[in-house]
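K.L.:
There are 2 protein chains.
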Amino acid sequence: MMDIDAVKTYLTGLQDRIVGKFTELDGKPFLRDSWDRPEGGGGVSRLVEEGNLLERGGVGFSHVLGAKLPPSASAHRPEIAGRPWEAMGVSLVFHPRNPYVPTVHMNVRFFAAKSPDADPEKAVWWFGGGMDLTPYYGFEEDCAHFHRVNRDALAAVDPQLHPRFKKWCDEYFYNKHRQEPRGIGGTFFDDFSEPGFGQSFAVMRAVGEAFLPAYVPIVERRRDLPYGERERDFQAYRRGRYVEFNLVWDRGTHFGLQSGGRTESILMSLPPVVKWRYNWKPEPGTPEARLYTDFLVPKDWA
Amino acid sequence: MMDIDAVKTYLTGLQDRIVGKFTELDGKPFLRDSWDRPEGGGGVSRLVEEGNLLERGGVGFSHVLGAKLPPSASAHRPEIAGRPWEAMGVSLVFHPRNPYVPTVHMNVRFFAAKSPDADPEKAVWWFGGGMDLTPYYGFEEDCAHFHRVNRDALAAVDPQLHPRFKKWCDEYFYNKHRQEPRGIGGTFFDDFSEPGFGQSFAVMRAVGEAFLPAYVPIVERRRDLPYGERERDFQAYRRGRYVEFNLVWDRGTHFGLQSGGRTESILMSLPPVVKWRYNWKPEPGTPEARLYTDFLVPKDWA
Numbered sequence: 028m029m030d031i032d033a034v035k036t037y038l039t040g041l042q043d044r045i046v047g048k049f050t051e052l053d054g055k056p057f058l059r060d061s062w063d064r065p066e067g068g069g070g071v072s073r074l075v076e077e078g079n080l081l082e083r084g085g086v087g088f089s090h091v092l093g094a095k096l097p098p099s100a101s102a103h104r105p106e107i108a109g110r111p112w113e114a115m116g117v118s119l120v121f122h123p124r125n126p127y128v129p130t131v132h133m134n135v136r137f138f139a140a141k142s143p144d145a146d147p148e149k150a151v152w153w154f155g156g157g158m159d160l161t162p163y164y165g166f167e168e169d170c171a172h173f174h175r176v177n178r179d180a181l182a183a184v185d186p187q188l189h190p191r192f193k194k195w196c197d198e199y200f201y202n203k204h205r206q207e208p209r210g211i212g213g214t215f216f217d218d219f220s221e222p223g224f225g226q227s228f229a230v231m232r233a234v235g236e237a238f239l240p241a242y243v244p245i246v247e248r249r250r251d252l253p254y255g256e257r258e259r260d261f262q263a264y265r266r267g268r269y270v271e272f273n274l275v276w277d278r279g280t281h282f283g284l285q286s287g288g289r290t291e292s293i294l295m296s297l298p299p300v301v302k303w304r305y306n307w308k309p310e311p312g313t314p315e316a317r318l319y320t321d322f323l324v325p326k327d328w329a
Numbered sequence: 028m029m030d031i032d033a034v035k036t037y038l039t040g041l042q043d044r045i046v047g048k049f050t051e052l053d054g055k056p057f058l059r060d061s062w063d064r065p066e067g068g069g070g071v072s073r074l075v076e077e078g079n080l081l082e083r084g085g086v087g088f089s090h091v092l093g094a095k096l097p098p099s100a101s102a103h104r105p106e107i108a109g110r111p112w113e114a115m116g117v118s119l120v121f122h123p124r125n126p127y128v129p130t131v132h133m134n135v136r137f138f139a140a141k142s143p144d145a146d147p148e149k150a151v152w153w154f155g156g157g158m159d160l161t162p163y164y165g166f167e168e169d170c171a172h173f174h175r176v177n178r179d180a181l182a183a184v185d186p187q188l189h190p191r192f193k194k195w196c197d198e199y200f201y202n203k204h205r206q207e208p209r210g211i212g213g214t215f216f217d218d219f220s221e222p223g224f225g226q227s228f229a230v231m232r233a234v235g236e237a238f239l240p241a242y243v244p245i246v247e248r249r250r251d252l253p254y255g256e257r258e259r260d261f262q263a264y265r266r267g268r269y270v271e272f273n274l275v276w277d278r279g280t281h282f283g284l285q286s287g288g289r290t291e292s293i294l295m296s297l298p299p300v301v302k303w304r305y306n307w308k309p310e311p312g313t314p315e316a317r318l319y320t321d322f323l324v325p326k327d328w329a
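Line order of the protein sequences matches chains A and B.
Position one of the first sequence corresponds to residue 28 (the working numbering), numbered consecutively onward.
Position one of the second sequence corresponds to residue 28 (the working numbering), numbered consecutively onward.
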């Protein structure tokens, strides 16, 4: 049986636990900004800017409701257009200050469209989510660790999921106009309901629970590495790719901005300082060149 | 009679003249980067980075050809899908270093789809273009000057055009997700062929010729005003809106990136250094607040 309250309780708890851990790691408290949506629902944005660890980081929870699902939101399932719907999720992006600590994104979400005659058997729902890592300077052990934690977390629910979700992630987080992956991937899934509510919810929780063990050890290993202007400059340049992906290709961002979502919460994902330079390429043999040749290529990292 | 060669000659000459004038104003020479497009055509990108006046500025000419027009490029004229086509234009964005000098954009373009049986009478073609100004710190006399030059240039061809093209500009350069104009407007037109080839070409030339007289006096008045970190910071923050517009809403950018255009030439429009900050608002009564209250509102500036 679909239990929306259980999903909501899980998501708000996950937001609290992640913010708690990163408040401890950063030392600077996250702001809390609650907002309401005129059409129904709202959210809580938690974020830190100019922190010790995070130059900009946001963890958003939102729960939005509508009386009629717009056709644009149900293009692949036209039968649910016009139904009452709700969507909830936790979405985070952390942009660390130190260029040796990768940027990370994680999202878990749930969508439900009620049946027109309130018959719960006819409700349509699905889960989605994933996480992906975007290093500026790559470390093989970090990539392997991130993917292993994701693999093992999903394998505990169903060993067949990880290969599928990893491939889906490589395909989704891809800057087509650069023919370049956004980072070193992770997991991505959407529109997931096949094994039934309980098991699908378990898959979403597996991703949510994997976030801290996948990312925190990388932060701890890299946060004190010394860096200079050269590394900061490359980080600012590469962050441009993050902006390009989120504003040009990311369906969630695009749909949110074009459909009247809360702009400042959606754009918490953008980096604090970004640079664009014409046709810049790193010198062969440099650590910056290694990012392209050794890391921004789909690999079986785990 | 449609004369594509005359359009091309005009456009390459315009690029040269604008680059010549700004090389003189900046003191740093523009790079020249020629490129070919595998499917046909190519372009010449001229740009300067870290100049004395321009922190980043690009003037691109492109002439691209294709054997079959994709349906996505002809949604409003389905009858020309599949035809051989060509498109050419000059597009520029200048991001000055001094926050008192506004960012400017200008574009003039021509599109033609040949008739399937090579009958020139059945060719479909149109002109488009415009320019708009994006100040960080507003000056009423600059806004009035920019709009007056645009008005007078168009009035010399047809006095009815300017009110229509100004309104079109206000509507086009609008960040819907912020409910905020990109800047103080200017002129915009597209799909323009009504008065016939000769007169339509004259309208495009009027816009092209208006660029230097509309913008250069503003540059000369403001380029030596002293500024500090506060103004640079606000400029970097506001440049974020420019990125958001270009990557989320601008049809040319979006279509170019999604259809395999030359990424580095398309993204010459992005600013060199950009900052994002959560939910930031200027203190009431400051010059930064005046930008929002007194300038980022549609007005009859001329």
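Ideal placement from N, C-alpha and C gives every residue a C-beta, glycine not left out.
Values in this document were obtained by computation on a predicted structure and should not be read as measured data.
When the cut-off is 9 angstroms and only beta carbons count, does residue 290 (chain A) lie next to chain B?
P.N.:
Chain B contact via Cβ: present.
K.L.:
Kindly indicate if chain A contains any beta-carbon less than 9 angstroms away from that of residue 79 (chain B).
P.N.:
Not an interface residue.
K.L.:
Could you tell me which uninterrupted beta strand (DSSP E) segments, each at least 3 residues in length, are contained entirely in the stretch 108 to 140 of chain A, listed from first to last along the chain?
P.N.:
Complete beta strand (DSSP E) runs here, min 3: 112 to 123, 130 to 140.
K.L.:
Which residues, in chain order, does the stretch 299 to 318 of chain B contribute to contact with chain A at a C-beta distance below 8 angstroms?
P.N.:
Cβ contacts with chain A come from 299, 300, 301, 302, 303, 304, 305, 306.
K.L.:
From residue 239 (chain A) to residue 45 (chain A), what distance separates their C-alpha atoms?
P.N.:
About 7 angstroms.
K.L.:
Could you tell me how far apart the beta carbons of residue 249 (chain B) and residue 75 (chain B) are, in whole angstroms, since I believe they sit closer than 8 angstroms?
P.N.:
Contact flag wrong, Cβ pair sits at about 18 angstroms.
K.L.:
So, are the CB atoms of residue 203 (chain B) and residue 264 (chain B) less than 9 angstroms apart?
P.N.:
The answer is no: Cβ separation not under 9 angstroms.
K.L.:
Report the rounded CA-to-CA distance for residue 210 (chain B) versus residue 122 (chain A), giving the unit in angstroms.
P.N.:
One C-alpha to the other measures close to 29 angstroms.
K.L.:
Should residue 61 (chain B) go down as buried or exposed, given a rule of 16 or more other Cβ atoms within 10 Å for buried?
P.N.:
Burial call: exposed.
K.L.:
Using a Cβ-Cβ cut-off of less than 9 angstroms, list which residues of the stretch 255 to 283 of chain B approach chain A; keep chain order.
P.N.:
Correct list: 263, 267, 270, 271, 273, 274, 275, 276, 280, 281, 283.
K.L.:
Any C-beta of chain B sitting closer than 9 angstroms to the C-beta of residue 42 (chain A)?
P.N.:
Taking Cβ atoms only, chain B never reaches closer than 9 angstroms to residue 42 (chain A), which makes this a no.
K.L.:
Counting only runs that start and end within the stretch 171 to 207 of chain B, where is the alpha helix (DSSP H) found for 4 or more residues in a row?
P.N.:
Counting whole runs of 4 or more residues, the stretch 171 to 207 of chain B contains the alpha helix (DSSP H) stretches 188 to 199.
K.L.:
So, does the CB of residue 204 (chain A) fall closer than 9 angstroms to a CB anywhere in chain B?
P.N.:
By this cut-off, residue 204 (chain A) is an interface position.
K.L.:
For a contact meaning CB atoms closer than 9 angstroms, what does residue 60 (chain A) contact in chain B?
P.N.:
In chain order: 305, 306.
K.L.:
For residue 150 (chain A), which option in A:107, A:93, A:227, A:47 has the closest C-alpha, if you only look at C-alpha atoms?
P.N.:
Taking only the C-alpha atoms, the option nearest residue 150 (chain A) is A:107.
K.L.:
Does the beta carbon of residue 285 (chain A) sit closer than 9 angstroms to a beta carbon anywhere in chain B?
P.N.:
Yes, residue 285 (chain A) lies at the interface with chain B (some Cβ there is under 9 angstroms from its Cβ).
K.L.:
State the Cα-Cα distance for the pair residue 246 (chain B) and residue 47 (chain B), rounded to the nearest angstrom.
P.N.:
Computed Cα separation, rounded: 15 angstroms.
K.L.:
At the level of alpha carbons, what is the spacing between residue 146 (chain B) and residue 197 (chain B)?
P.N.:
Using only the alpha carbons, I get a separation of about 38 angstroms.
K.L.:
Counting only Cβ-Cβ distances shorter than 8 angstroms, please list the residues of the stretch 117 to 137 of chain B near chain A, keeping chain order.
P.N.:
Answer set for the stretch 117 to 137 of chain B: empty.
K.L.:
Just checking: is the beta-carbon of residue 72 (chain A) within a distance shorter than 9 angstroms of some beta-carbon in chain B?
P.N.:
Yes, its Cβ sits closer than 9 angstroms to a Cβ of chain B.
K.L.:
Tell me the rounded alpha-carbon separation between residue 110 (chain A) and residue 89 (chain A).
P.N.:
Each residue's Cα considered, the two are about 20 angstroms apart.
K.L.:
Grab the span of the alpha helix (DSSP H) containing residue 32 (chain B) for me, first residue to last.
P.N.:
It spans 31 to 53 - the alpha helix (DSSP H) in which residue 32 (chain B) sits, taken as one unbroken run.
K.L.:
Can you tell me which of the three DSSP states residue 331 (chain B) falls into?
P.N.:
As displayed, chain B neither begins before 28 nor continues past 329, which places residue 331 (chain B) out of reach and without an answer.
K.L.:
Please confirm whether residue 85 (chain A) has its beta-carbon closer than 9 angstroms to some beta-carbon of chain B.
P.N.:
Output row for residue 85 (chain A): interface = yes.
K.L.:
Keeping to the same chain, check which residues put their C-beta closer than 7 angstroms to that of residue 219 (chain B); ignore five residues upstream and five downstream.
P.N.:
Closer than 7 angstroms at Cβ, skipping near neighbours: 153, 154, 155, 227, 230.
K.L.:
Give me the Cβ distance between residue 212 (chain A) and residue 169 (chain A), rounded to the nearest whole Å; I'm assuming they're in contact under 8 angstroms.
P.N.:
With 8 angstroms as the limit, residue 212 (chain A) and residue 169 (chain A) do not qualify as a contact, their Cβ atoms being about 13 angstroms apart.
K.L.:
Taking Cβ-Cβ distances shorter than 8 angstroms, what residues in chain B pair up with residue 198 (chain A)?
P.N.:
Under the 8 angstroms cutoff, chain B gives no residues; its nearest Cβ is about 16 angstroms from residue 198 (chain A).
K.L.:
Note down the Cα distance separating residue 130 (chain B) from residue 86 (chain B), rounded to an integer number of angstroms.
P.N.:
Each residue's alpha carbon lies about 13 angstroms from the other.
K.L.:
Would DSSP call residue 313 (chain B) helix, strand or coil?
P.N.:
Residue 313 (chain B): coil per DSSP, three-state reduction.
K.L.:
What residues in its chain sit with their C-beta under 6 angstroms from that of residue 289 (chain B), if we drop five residues either side in the sequence?
P.N.:
Once the five neighbours on either side are set aside, the close Cβ partners of residue 289 (chain B) are 62.
K.L.:
Residues bridged to residue 155 (chain A) by DSSP?
P.N.:
The partner list for residue 155 (chain A) (beta bridge, DSSP) reads A:136.
K.L.:
So what does residue 62 (chain B) bridge to, in DSSP terms?
P.N.:
According to DSSP, which records beta bridges pairwise, residue 62 (chain B) is partnered with B:70.
K.L.:
Taking C-beta pairs closer than 9 angstroms, name the residues in chain A that residue 82 (chain B) reaches, listed in chain order.
P.N.:
Here the premise fails: no neighbours, minimum Cβ distance about 11 angstroms.
K.L.:
Alpha carbon to alpha carbon, how far is residue 139 (chain B) from residue 103 (chain A)?
P.N.:
Using only the alpha carbons, I get a separation of about 35 angstroms.
K.L.:
What in chain A is Cβ-close to residue 297 (chain B), meaning under 8 angstroms?
P.N.:
Here the neighbours are 267, 303.
K.L.:
For residue 115 (chain A), does the count of other Cβ atoms within 10 angstroms reach 16, so buried, or fall short, so exposed?
P.N.:
Buried is the call here.
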